Amino acid sequence: MAVQSTETVGGARPVDRTTPPWRERLVPWVFRAPLIFMVIFFALPMAMTVVFSVFERTMFWMEPGFTLFSYENFFFSARLTNFLNSMKYSLISVAICFVFGFPIAVFVRKSIPQVAQHRVVLLFILPFMVSEIIRVFALRPVLQRNGLVNTTLMDLGIIDEPITALLYTHTGVVIGEVLSFLPFIVFSGFLAMEAVPKYIFEVCDDLGVGPWRRFKDVILPLAAPGIFAGSVFIFVNGLGVALLPNILGGAGAVNAGLIATQAITALDFPLAMAVSAIMMATLMTLLWIGHRLFDLTKILTPLS
Amino acid sequence: MTQIETQGTQQMTDSQAPAVEVRNLAKHYGDFVALQNVNVSIGAGEYFVLLGPSGGGKTTLLRTIGGFQKPTHGEVLLHGRSVGHLPPDKRPTSMVFQAYALFPHMSVEQNVGYGLKVAGLPRAQVAEKVAAALEQVGLTPFAARRPHELSGGQQQRVQLARAIVLDRDILLLDEPLAALDAQLRKDMCLELKHLQEKVGITFIHVTHNQEEAMTVADRIALIANGELVEFGRARDIYRAPEKTFTASFVGENNVLKGRVAEAAGSEIIVDVAGSRLQVDKRGLAVSDGQEVTLSIRSECVALDRVNGAETPADGFSITGAYDESVYLGLTTSHLVHLPDGTEMVSREIADSDERLPEAGSRVRLSWKPSDIRLHVE
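Encoded structure:
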């Protein structure tokens, strides 16, 4: 019986199919179009980056060939030290962001009424309404030799001489990174805390679980995928955003993004491509490790 | 160790004291009064149910007993000892929450044992106690599973095991079955009851479901609008409610508003929608002209289909216009409205083959003299 009925439905369908309305034919493309866009403008250029990185350098561009000269140029020069340094300072930024930002996320989830939570999180989005270059540039008058921080500290008699290490150094870059990326750990922490069941803190009260254990045994394992995602985001941006070391950094205080930018300025395109390829590899490795550790798909499915 | 010992001796000396005693308890949230003037005493080993509509304050009372909230006035005594200053884990209570209260990243075993581990018990002892607790709730085969691999009922049983493993002698259950479907809820009710009989500790169970309350309770307290309306044995609450609210909330009562016509004697006459109804005064103080309510359970009301208008009034029947019948499987409800618009229900077991009265036709509803009750508040 059932087979028969499907046959009649199936039999009726081809009649419709001969003249499908154009709108119906368009529907699949609504979903295919973004995919095509991503392939043309994302996957393909990424692949080409790797290919170009082994091309020969010419005066103004490059020509097809195979040479590892750019990689040699990267790995056997001060660039590698700078790259490793920028990884170190990006990690420091991640750590500072976590220490400042995650407690905010936990606090918002735990102590703020449900209806107000999203408004509080919105407060952290507001700074993003200002262009990043302005935000970062505005740090200069704050951090410079006779800037806000130094004059205040000197007026208060806490220091005798201005602290020069605040600007055009790694410290300056880290301050800029924390300022720029703190909201991401708040967001991802906020989302990650969704994986923490509703009554869990009261269960902890009932069982007599102290604050440290609560953090170590309950919050951290549950929020780990979200925290990791936020941390990777900050780390990768710390490596890649050239703007920050460009405005706040100085001699030696550069990151991978700035190394690539400088290579482009010097018209060494294969080198720029190689730096990009190395950054990509770093990111892929991090994501792979993260996925093996926490199963990152969990970020999107908080409660099982 | 000394603390545990003193607690032990305290319990010994106060073995006469009730497990829970609540005195003049009130809880205000700004202007909103969540609880006021609550006095109740719950004996050790009792299965006590707090029943009432949502937002009535029953959960607030339970959470105050558990130490999750501080009362605005009044005090809570557990085994005769005031516990106002103690946090939840220092009280002899443990809590089972509605749902979503398991550690999702821990196995059933770890969930149940976590409290003991935090308390610093040696590993072997934890394992032993956890195994015993899981045995008691019938979850031994599921010890290694994660919460998301369990059904809703099993998850709640894990919570039960996690609470009883702590060896505290008062178990608080906050709508523990609310998230379960009807059939599972019935099964779990019986299981809860049997578990309580087995472990012998005091259970305090909050619910808005009266069937659930009747199934498990030794005694029921009705809580509405922040007040403890009435409490008593489940059977008494159902069959002989004191207050109008109890009558309207428990069972399926017909609640009739009326005015006292003759207050003299042990039987008084109340005027309801033009009919003079006779009711036992039960020693209540009433005067002529006072507004009172009467209640009759719908299953005690008989529908007289034939010549409803012609039977003489006897004080234990009333006439109205027939509306419709609602077939509910086991019972059929007949809806009738009185001349003043009050809706009355007569519930009969099984579907009779008799022809139903036509809508709008006059019918007579009658009951036995002992089935109608008078309420003054």
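Just so you know, the protein sequences line up as chains A and B, in that order.
For the first sequence, our numbering assigns the number 6 to the initial residue and increments by one for each residue that follows.
For the second sequence, our numbering assigns the number -5 to the initial residue and increments by one for each residue that follows.
Cβ atoms here follow ideal geometry from the backbone N, Cα and C, with glycine treated the same way.
It should be emphasised that the depicted structure is a prediction, and the values quoted were computed from it without experimental measurement.
- Asp274(B) has Glu261(B) as its beta-bridge partners, per DSSP.
- Interface annotation, Tyr23(B): not in contact with chain A, CB-CB separation never under 7 Å.
- At a beta-carbon threshold of 8 Å, none of the residues of chain B lie near Ile117(A); the nearest stands roughly 16 Å away.
- Any Cβ of chain B closer than 7 Å to the Cβ of Pro39(A) would place that residue at the interface, and such an atom is absent.
- Taking a Cβ-Cβ cut-off of 7 Å, the neighbours of Pro81(B) in chain A comprise Asp210, given in sequence order.
- The beta-carbon distance between Arg17(B) and Asn33(B), rounded to whole angstroms, is 6 Å. This is short enough to meet the 8 Å contact definition.
- The beta carbon of Ser242(B) lies closer than 8 Å to those of Val249 and Ser289 in the same chain, with the five residues before and after it left out.
- In the DSSP secondary-structure assignment, Tyr321(B) is bridged to Thr326(B).
- As a beta-bridge residue in DSSP terms, Glu285(B) pairs with Arg253(B).
- Closer than 7 Å to the CB of Tyr76(A) there is not a single CB belonging to chain B.
- Exclusion of the five residues before and after Gln130(B) leaves Ala155, Ile158, Leu189, Lys192 and Val193 as the residues of its chain whose Cβ lies within less than 8 Å of its Cβ.
- Think of a sphere of 7 Å around the beta carbon of Val214(A): the chain B residues whose beta carbon falls inside it are Val112, in chain order.
- Put simply, the backbone Cα of Asp298(B) is about 14 Å away from that of Ala353(B).
- For Ser76(B), there are no C-beta contacts with chain A under 7 Å, since the nearest C-beta of that chain is about 19 Å from it.
- Neighbours of Val223(A) in chain B, taken as residues whose beta carbon is under 7 Å from its own, are Phe97 in chain order.
- The three-state secondary structure of Leu332(B), taken from DSSP, is coil.
- With a threshold of 7 Å between beta carbons, Gly107(B) makes no contact with chain A.
- Listed along chain B, the residues sitting closer than 9 Å to Arg218(A) by beta-carbon distance are Val112.
- Interface annotation for the region 191 to 209 of chain B against chain A: empty, criterion Cβ-Cβ distance under 8 Å.
- Annotation: the continuous beta strand (DSSP E) that includes Gln30(B) extends over Phe26 to Ile36.
- Rounded to the nearest whole angstrom, the C-alpha separation of Arg62(A) and Ser75(A) is 9 Å.
- Each residue's CA atom was taken as its position, placing Thr53(B) and Thr66(B) some 15 Å apart.
- Nearest to Ile164(A) by C-alpha distance, out of Arg150(A), Thr174(A) and Gly177(A), is Arg150(A).
- DSSP places Thr134(B) outside any alpha helix (DSSP H), giving it a letter other than H or E.
- Between Ser236(A) and Gly226(B), the alpha-carbon positions lie close to 58 Å from each other.
- For His99(B), the three-state secondary structure derived from DSSP is coil.
- Neighbours of Glu207(A) in chain B, taken as residues whose beta carbon is under 8 Å from its own, are Phe62, Pro82, Met89, Phe91 and Ala95 in chain order.
- In the DSSP annotation of this structure, the continuous segment of the alpha helix (DSSP H) that includes Phe79(A) starts and ends at Phe74 to Phe80.
- Between Val241(A) and Pro250(A), the CB-CB gap reaches or exceeds 7 Å.
- By the 16-neighbour rule on beta-carbons within 10 angstroms, Val113(A) is buried.
- Remark: three or more beta-carbon pairs, one from each stretch, lie closer than 8 Å, so the region 160 to 177 of chain A and the region 137 to 150 of chain A are flagged as touching.
- Beta-bridge partners of Asn247(B) (DSSP): Arg291(B).
- A direct Cα-Cα distance of roughly 30 Å separates Lys180(B) from Arg85(B).
- According to the DSSP secondary-structure assignment, His67(B) is paired through a beta bridge with Ala20(B).
- The residues Ser340, Leu359 and Trp361, in chain order, have a CB closer than 6 Å to that of Val295(B) in the same chain once the five nearest residues on each side in sequence are set aside.
- Annotation: the continuous alpha helix (DSSP H) that includes Leu187(A) extends over His175 to Ala197.
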